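Numbering (our numbering), first residue to last: 166 to 488.
Pasting the structure below:
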């Protein structure tokens with residue numbers, strides 16, 4: 166019988182895994198290429214590649230696409246022992262370009278992930294020190310309520326686990342904006358680290374100075390708010406902390422998955438420091454937070470030089486930081 170948690174995962178990524186159907190031109194005409202994706206799935210892949218002991222939890226189908234998702238996670242060294250096999254089909258996201266703008270056909274009704282309910286919540290192995298949640302898995306039901314229930318359980322289980330949230334807001338997917346905003350605000354209150362792109366921050370808090378808006382998010386409960394700024398790098402806001410890191414100059418091929426890689430790299434940097442707990446995070450000074458932020462920005466910069474969501478491996482990071 167296989168060992169339930171062979172990798173003793175320190176980080177659990179919980180959220181969507183799907184298949185991006187990406188348009189391609191073939192000699193026979195237009196076609197779609199199925200590629201594994203999903204924001205939280207990408208974060209798990211990136212964390213595994215960076216050497217952080219990582220597990221993933223979501224509904225994974227027994228169909229051919231579910232096998233493709235599992236294979237990608239296994240290749241990155243991500244533990245899928247918590248994932249229940251489902252006869253429901255995988256989520257598909259068809260991408261088309263209309264006048265140069267991406268448009269999505271999102272087939273998610275009654276899928277293996279979308280139909281996760283509170284009864285499906287896993288018992289977490291004792292090795293798990295941090296929970297990462299976010300993405301479009303927070304939008305639909307019943308999975309959105311299930312993800313919130315998982316975060317609520319972890320926040321109250323007395324195990325001292327760190328919670329990181331990246332809502333990765335996609336306004337086009339949201340139905341019932343008031344309820345969604347209320348959920349995000351509750352999750353921000355549970356989280357110790359909240360990461361937002363500058364676009365997410367504007368959607369949540371409106372126009373205004375980034376620092377002022379980030380501090381307003383911090384006032385809802387988290388110890389640390391990270392704001393990614395694309396080619397301008399990232400900033401971190403905490404108690405007495407306002408750290409900015411510039412992004413390296415790179416030739417951008419594709420920004421897909423850059424934010425997900427950033428999330429994974431920041432958690433991986435905390436894991437290497439032994440700082441995957443609320444108390445350890447609170448003890449970090451501005452220099453240590455800046456180091457973790459710089460590692461995350463550098464990993465994201467490597468990711469954008471490649472087509473698709475293709476985060477770096479640990480050995481690639483070592484070539485750039487000399488560690």
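Using N, Cα and C, we set each Cβ at its ideal position, and we do this for glycine too.
All values derive from a computational prediction rather than experimental measurement.
If you reduce the DSSP assignment to three classes, tell me which class residue 299 lands in. strand
Write down the C-beta distance between residue 397 and residue 412 rounded to the nearest angstrom, noting that I regard them as a contact closer than 8 Å. 6 Å
Validate contact between the region 272-282 and the region 247-262 using beta carbons, cut 8 Å, 3 pairs: yes
When 213, 240, 342 and 337 are compared against residue 268, the one with the closest alpha-carbon: 337
In the DSSP assignment, find the beta strand (DSSP E) that holds residue 188 and state where it starts and stops. 183-191
Are the region 362-369 and the region 461-473 touching, with three or more C-beta to C-beta distances below 8 Å? no
Let me know the secondary structure DSSP gives residue 293 once reduced to three states. coil
If you count every other CB in all the chains shown that lies within 10 Å of the CB of residue 468, and 16 or more means buried, which is it? buried
Can you tell me where the beta strand (DSSP E) with residue 196 in it begins and where it stops? 194-202
Go ahead and label residue 484 buried or exposed: buried means 16 or more other beta carbons lie within 10 angstroms of its beta carbon, across all protein chains shown. exposed
Return the residue from the list 416, 174, 476 and 203 that minimises the CA-CA distance to residue 301. 203
C-beta atoms of residue 297 and residue 176 nearer than 8 Å: yes
Buried or exposed (CB count within 10 angstroms, at least 16 for buried), residue 490: A query on residue 490 cannot be resolved here, the shown segment of the chain reaching from 166 to 488 and no further.
4 or more residues per run - each alpha helix (DSSP H) lying fully within the region 413-458: 423-438 and 443-448
What residue range does the alpha helix (DSSP H) around residue 309 cover? 308-321
Can you tell me the Cβ-Cβ gap for residue 402 and residue 379, rounded? I've got them flagged as a contact below 8 Å. 4 Å
At a Cβ threshold of 8 Å, is residue 323 touching chain D? Structure shown: chain D not included; a single protein chain is present.
Is the Cβ-Cβ distance between residue 247 and residue 222 less than 8 Å? yes
Pull up the CB-CB distance for residue 345 and residue 308, whole angstroms please, since I reckon it's below 8 Å. Not confirmed; about 13 Å, so no contact.
Would you report the Cα separation of residue 323 and residue 295, rounded to the nearest angstrom? 13 Å
Starting from the C-beta of residue 195, find all residues in its chain whose C-beta is less than 8 Å away, skip the five residues before and the five after it, and write them out in chain order. 188 and 189
Note the first and the last residue of the continuous alpha helix (DSSP H) segment covering residue 504. Residue 504 lies beyond the stretch modelled for the chain, which goes from 166 to 488, so this question has no answer here.
Boundaries (first-last residue) of the alpha helix (DSSP H) holding residue 383: 375-383
Check this for me: beta carbons of residue 234 and residue 182, under 8 Å apart or not? yes
Check the C-beta distance from residue 476 over to residue 258 and give it rounded, since I have them as a contact under 8 Å. Residue 476 to residue 258, Cβ: 19 Å. No contact.
To which residues does DSSP link residue 329 through a beta bridge? 297 and 358
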